[in-house]
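Asker:
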Amino acid sequence: MTTPQTSAGPRGGGRGRQRLPRRRLTVAEVTRVTPRLVRVRAEGDLAGWTADGPGAHLKVFVPGADGGNVMRSYTVRRYDPEQGEIVLEFGIHADGPATRWASAAAPGDTLEISGQARGGFLPRDDTRNILLVGDHCALPAMSSILESLPAGTRAEAIVEVVDLDDRLSLSGPAEPVVTWTAESGRPGGQLVAAVRDMRFPEEPTEIWVGCEAGVMREIRRHLLAQGARRATRTATALDAGPLTLHTRAYWKLNTANHSDHDTGEDD
Ligand SMILES: Cc1cc2nc3c(=O)[nH]c(=O)nc-3n(C[C@H](O)[C@H](O)[C@H](O)COP(=O)(O)OP(=O)(O)OC[C@H]3O[C@@H](n4cnc5c(N)ncnc54)[C@H](O)[C@@H]3O)c2cc1C
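If you want it as structure tokens, here you go:
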């Protein structure tokens with residue numbers, strides 16, 4: 001392992017953000033969960049490695065075209081630091097190095113991951129209504145979040161997949177209601193249409209959105225016009241509106257390695 005590095009990136013604010021050392025892992029098992037979703041279980045030293053809640057993402061480092069490594073964002077589907085294992089799920093829909101790596105992955109291959117995972121979904125304790133809206137590459141995050149919601153939560157998910165044969169079982173103690181749509185026309189178009197048709201309950205609802213950058217902005221704009229407020233880490237039940245928004249772009253059309261910090265705030 002290497003020593004921690006610091007960076008003054010967009011969020012570093014010039015003060016420098018500590019980067020924990022990367023971990024090198026070995027692929028133990030590869031499963032084709034659906035025609036376009038590959039699950040990779042990898043093993044290695046994960047002592048002290050952390051993820052901040054369901055749907056948290058890390059950086060994966062895989063070989064790029066020029067022989068060096070490229071970095072991409074992926075969701076921690078499951079991890080067990082004591083067993084030293086982590087599970088990631090790769091959508092097979094992009095034409096990029098991470099997708100190519102996952103398509104060909106086999107036991108014994110190696111990959112590196114960042115020192116920790118961030119950006120997990122942590123709803124307020126008093127939230128009883130949760131809506132998840134996402135596309136195919138947000139499925140690992142939606143699966144993890146739905147598994148984490150306690151019984152008694154009204155959980156709903158709207159998912160757009162490339163084809164309906166990519167549906168999988170989304171379950172959890174909250175017994176979520178899931179609506180599946182197949183891509184038709186531009187990616188994410190079905191998500192925009194579904195959200196526009198929704199009527200929201202009177203009680204506070206937290207809405208999580210993960211999809212293509214332009215589609216996320218359209219959904220965000222519509223929900224803000226409905227009176228939604230964006231989530232902040234300090235919001236309380238009193239100062240939050242009836243609809244609280246958590247948005248993140250998971251990819252951007254015609255753009256490789258889109259930023260994992262894009263929440264649409266610039267819109
Ligand atoms: C917080 C976060 C968590 C994520 N978690 C996951 C995850 O668990 N599983 C997962 O599969 N993806 C996940 N993604 C999305 C993944 O990082 C991108 O799809 C990534 O661009 C794929 O890398 P690549 O090397 O295959 O393609 P790139 O080299 O990045 O892109 C090549 C081309 O493919 C297009 N492209 C990229 N992604 C998609 C897509 N999803 N659908 C259609 N076209 C695409 C790009 O626009 C570009 O033209 C996550 C992204 C974020 C920000």
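If you count the sequence shown from 1, position 217 lands on 217 in the UniProt record's numbering, and the numbers rise without skipping. Note that beta-carbon positions come from the ideal geometry of N, C-alpha and C, so glycine has one too.
Which residues share a DSSP beta bridge with MET71?
Answerer: PHE61
Asker: Excluding the five sequence neighbours on either side, which residues of its own chain have a C-beta within less than 6 Å of the C-beta of ALA228, listed in chain order?
Answerer: LEU243, LEU245
Asker: Which residue comes first and which comes last in the beta strand (DSSP E) that contains GLY91?
Answerer: In the DSSP annotation of this structure, the continuous segment of the beta strand (DSSP E) that includes GLY91 starts and ends at 85-91.
Asker: Could you tell me the boundaries of the beta strand (DSSP E) in which THR255 lies?
Answerer: From DSSP, THR255 is part of no beta strand (DSSP E); its letter is neither H nor E.
Asker: Can you look up ARG124 in the DSSP assignment and give me helix, strand or coil?
Answerer: coil
Asker: Short of 7 Å in beta carbon distance, which residues of its chain neighbour GLY188, apart from the five on each side in sequence? Order them along the chain.
Answerer: Scanning its chain for C-beta atoms nearer than 7 Å, with the 5 sequence neighbours on each side dropped, one finds around GLY188 the residues ASP135, GLU160, CYS211, GLU212, VAL215, in chain order.
Asker: Alpha carbon to alpha carbon, how far is THR263 from THR247?
Answerer: Their Cα atoms are separated by approximately 5 Å.
Asker: Does at least one heavy atom of ligand 1 sit under 7 Å from the Cβ of LEU245?
Answerer: no
Asker: Tell me the DSSP secondary structure of THR263 in three-state form.
Answerer: coil
Asker: Bridge partners for GLU112 per DSSP, in chain order?
Answerer: ARG24, PHE61
Asker: With burial defined as no fewer than 16 other Cβ atoms inside 10 Å of the residue's Cβ, what is the status of GLY48: buried or exposed?
Answerer: exposed
Asker: Any idea if GLU104 is buried or exposed, counting beta-carbon neighbours within 10 angstroms, 16 or more meaning buried?
Answerer: Correcting the residue type first, residue 104 is Ala in the shown sequence and not Glu. Per the 10 Å Cβ criterion, exposed.
Asker: What do you reckon, is the C-beta of TRP251 under 7 Å from a heavy atom of ligand 1?
Answerer: yes
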